[in-house]
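If you count by the working numbering, then the sequence shown holds residues 479 to 946, one letter each, in order. Written out below as structure tokens is the structure these notes cover.
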Amino acid sequence: MDPIVTRFPPSPTGYLHVGGARTALFNWLYARHTGGRFVLRLEDTDVQRSTQASVAAIFDALAWLGIDWDEGPYYQTQRLDVYRSHIQKLLDSDCAYYCTCSPEDIEAMRKAATARGDKPRYDGRCRDKQRPFSDDAVVRFKAPRTGTTVIEDVVKGPIVFQNDELDDFIICRSDGMPMYNLAVVVDDVTMGINTVIRGDDHVNNTPKQILLYKALGAPLPVFAHVPMVLGSDRARLSKRHGAMSVTEYREMGYLPDAVLNYLVRLGWSHGDQEFFTREELIAKFSLEHIGKSAGVFDPNKLQALNADHIQAAAPETLTDHLLPFLAARGVTAPDSAYLRAVIETLQTRSKTLVEMADGALFYFQEKVAYEEKAAQKFLKPAILEPLRLLIAQLDAQAVFTDASIESAFVQTMETAGLKLGKIAQPVRVALTGKTVSPGIFEIIKVLGKAQTLSRLEQAASFISGRSD
Ligand code: GLU
Numbered sequence: 479m480d481p482i483v484t485r486f487p488p489s490p491t492g493y494l495h496v497g498g499a500r501t502a503l504f505n506w507l508y509a510r511h512t513g514g515r516f517v518l519r520l521e522d523t524d525v526q527r528s529t530q531a532s533v534a535a536i537f538d539a540l541a542w543l544g545i546d547w548d549e550g551p552y553y554q555t556q557r558l559d560v561y562r563s564h565i566q567k568l569l570d571s572d573c574a575y576y577c578t579c580s581p582e583d584i585e586a587m588r589k590a591a592t593a594r595g596d597k598p599r600y601d602g603r604c605r606d607k608q609r610p611f612s613d614d615a616v617v618r619f620k621a622p623r624t625g626t627t628v629i630e631d632v633v634k635g636p637i638v639f640q641n642d643e644l645d646d647f648i649i650c651r652s653d654g655m656p657m658y659n660l661a662v663v664v665d666d667v668t669m670g671i672n673t674v675i676r677g678d679d680h681v682n683n684t685p686k687q688i689l690l691y692k693a694l695g696a697p698l699p700v701f702a703h704v705p706m707v708l709g710s711d712r713a714r715l716s717k718r719h720g721a722m723s724v725t726e727y728r729e730m731g732y733l734p735d736a737v738l739n740y741l742v743r744l745g746w747s748h749g750d751q752e753f754f755t756r757e758e759l760i761a762k763f764s765l766e767h768i769g770k771s772a773g774v775f776d777p778n779k780l781q782a783l784n785a786d787h788i789q790a791a792a793p794e795t796l797t798d799h800l801l802p803f804l805a806a807r808g809v810t811a812p813d814s815a816y817l818r819a820v821i822e823t824l825q826t827r828s829k830t831l832v833e834m835a836d837g838a839l840f841y842f843q844e845k846v847a848y849e850e851k852a853a854q855k856f857l858k859p860a861i862l863e864p865l866r867l868l869i870a871q872l873d874a875q876a877v878f879t880d881a882s883i884e885s886a887f888v889q890t891m892e893t894a895g896l897k898l899g900k901i902a903q904p905v906r907v908a909l910t911g912k913t914v915s916p917g918i919f920e921i922i923k924v925l926g927k928a929q930t931l932s933r934l935e936q937a938a939s940f941i942s943g944r945s946d
């Protein structure tokens, strides 16, 4: 069998939104799963709305998601000659013709059809006139007027269109620019695309495209039209349902693997498994299990999945993702072994990298900044003596291990006659400035002896200062 060749052809008129990213992902996964090829193509013939900034934003989002391509990027505006030669081929084979009807003629046809209760469409008046090329002529496709055109869709099953519902659609504008349906088909044919996975908003274009394939004598690709992504109110997904741009999720502290996992699950399933690594997705992705009903985008589910991915990730893979968030908080170039240890204490308690960076800050502060209420409640004179005892006990430990830290606490509790509950919270505030943090033994191990003692001393002076 020929290798599978898929493509992602975004129109660079804005950022990469979650629906587009899901389409890219399905095509990429299918190519990777089958050992095929994945082609990137920028459909930039709408020169008014296409921008270089959008192209850059799409590249950036794909790179962040880890979607790589084997061919391209192609730009449609650089392929006008290819479209022209195919349009000429269609003209030569009598599958297309020049039409010189004016906008007023078309408008009059539209009105007349509507008055008759018909669908507005071109009535074919130039169809058999053999009009020559002229500056104001468009090229129309000579669509069949009888019979049916069928999409054998692998997701939706066969979809039948009556050919008399179609009109002689324009394939080339009078300024020489190809229309979308023509350019897509010529590209897909010449790039050897044999599998087209895209949103089902393109179903209505597909019969026209199938007719073009046939007129060009090209084999049809496999079509897989994926239901649109919906918001929680079942309306088509839009900004009011949450962040739409993929890279906004990067800024919000999401891992690309979590976004990837979530987007794939929005339209594809493998039993009831929710969590997938990238490798598992590549191994398991198939067209057969693309869902027939629309996926509903749920930001809470995405966040829960992000938490799962943060928890499951190897700390060193989180480092690179976390560094920009730390830098934004003034922590630059942290020691990598230290950072790794810090991350390990936060993985089970961070839903996003923003939370993780916020939670990590205290580890990097030379002087602990106490939350006012926490200091008031827990750094009180009564705890000064136990704190001093703990300092002495910890200082006496040659190395900090789970056992030596615990033993220092046990000794302190015995001597002071206090339960751990009475000591733990003041120590937590002394070490972190806050009342919520990872476990204090974990923190002490990460901070190490010198930092721990210095923080406990700082708390002791703080209390003495207050009680003086
Ligand atoms: N450029 C089209 C779009 O962004 C995609 C066309 C296609 O997948 O055939 O919707």
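No residue lacks a Cβ here, since even glycine has one placed at the ideal position from N, Cα and C. Fair warning: this is a prediction, and the values are worked out from it, not measured in the lab.
May I ask you to check if the CB of V704 is nearer than 6 Å to at least one heavy atom of ligand 1? no
Contact between the stretch 742–753 and the stretch 494–507 (3+ Cβ pairs under 8 Å): yes
Who pairs with R676 in a beta bridge, going by DSSP? Paired residues: H703.
P488: CB within 6 Å of a non-hydrogen atom of ligand 1: yes
Confirm the yes/no value for this check: CB of V820, any heavy atom of ligand 1, distance under 6 Å. Answer for V820: no, Cβ out of range of ligand 1.
Does DSSP put L864 in a helix, a strand or coil? Reading off the sequence shown, one finds Pro at residue 864, where the question assumed Leu. Note: P864 maps to helix in three-state DSSP.
Apply the 10 Å Cβ neighbour rule to A805 and answer buried if 16 or more other Cβ atoms are within range, or exposed otherwise. exposed
Is it buried or exposed, H564, if we count other Cβ atoms within 10 angstroms and call 16 or more buried? buried
Based on Cα-Cα distance, which residue from D776, P699, D750 and L872 lies nearest to M722? D776
Would you tell me roughly how many angstroms separate the C-alpha atoms of R442 and S710, rounded to the nearest one? Nothing about residue 442 can be reported from this structure: the residues present for the chain run from 479 to 946 only.
Rounded C-alpha distance that separates L715 from Q871: Answer to the nearest angstrom: the Cα atoms are 59 Å apart.
Identify which residue in L765, I788 and Y727 has its Cα closest to the Cα of F753. I788
Less than 6 Å between the CB of E549 and some heavy atom of ligand 1, yes or no? no
Option in Q936, A574 and W506 with minimal Cα separation from E757: W506
Measuring CA to CA, which of W746, A761, K851 and V914 is closest to S828? V914
Pick from T668, T673 and D596: whose alpha carbon is nearest that of V633? T673
Skipping 5 residues on each side, what residues in its chain have a beta carbon closer than 7 Å to that of P490? L520, D522, S528, T529, S532, V533 and I536
I649 lies in the beta strand (DSSP E); which residues open and close that run? I648 to C650
Which listed residue (L824, F504 and A937) has its alpha carbon closest to that of L865: The candidate whose alpha carbon is nearest that of L865 is A937.
Closer than 6 Å to a non-hydrogen atom of ligand 1 - does that hold for the CB of R527? no
From L543 to I760, what does the alpha carbon distance come to, in whole angstroms? Annotation: L543 to I760 spans about 14 Å, alpha carbon to alpha carbon.
Taking CB distances under 7 Å as the criterion, tell me whether L568 reaches chain B. Absent here is chain B; the protein component of the structure consists of one chain.
Going by the beta-carbon positions, is the gap between C577 and C604 smaller than 7 Å? yes
Can you pull the DSSP bridge partners for E643? For E643, no pairing in a beta bridge is given by DSSP.
Can you determine whether any heavy atom of ligand 1 sits closer than 6 Å to the C-beta of R676, and answer yes or no? yes
Can you give the Cα-Cα distance for K923 and G677, rounded to whole angstroms? Each residue's Cα considered, the two are about 52 Å apart.
Alpha-carbon spacing of S945 relative to T930, whole angstroms: Bear in mind that a pLDDT of 49 at S945, under 50, signals an unreliable position, so the model cannot answer this.
Taking the runs of the alpha helix (DSSP H) that are 4 residues or longer, which of them lie wholly in the stretch 480–537? Fully enclosed alpha helix (DSSP H) runs of 4 or longer: 496–512.
Are F940 and L857 close, meaning C-beta to C-beta below 7 Å? Yes; because the gap between Cβ atoms is below 7 Å, this pair is in contact.
What do you reckon, are the CB atoms on V616 and I637 nearer than 7 Å? no
Span of the alpha helix (DSSP H) around R906: L898 to T910
Starting from P812, trace the alpha helix (DSSP H) both ways and give me its first and last residue. Careful: P812 lies outside any alpha helix (DSSP H) and carries neither H nor E.
Counting along the chain, where does the beta strand (DSSP E) carrying A627 start and finish? One point to set straight first is that residue 627 is Thr, not Ala, in the sequence displayed. Counting along the chain, the beta strand (DSSP E) containing T627 begins and ends at T626 to D631.
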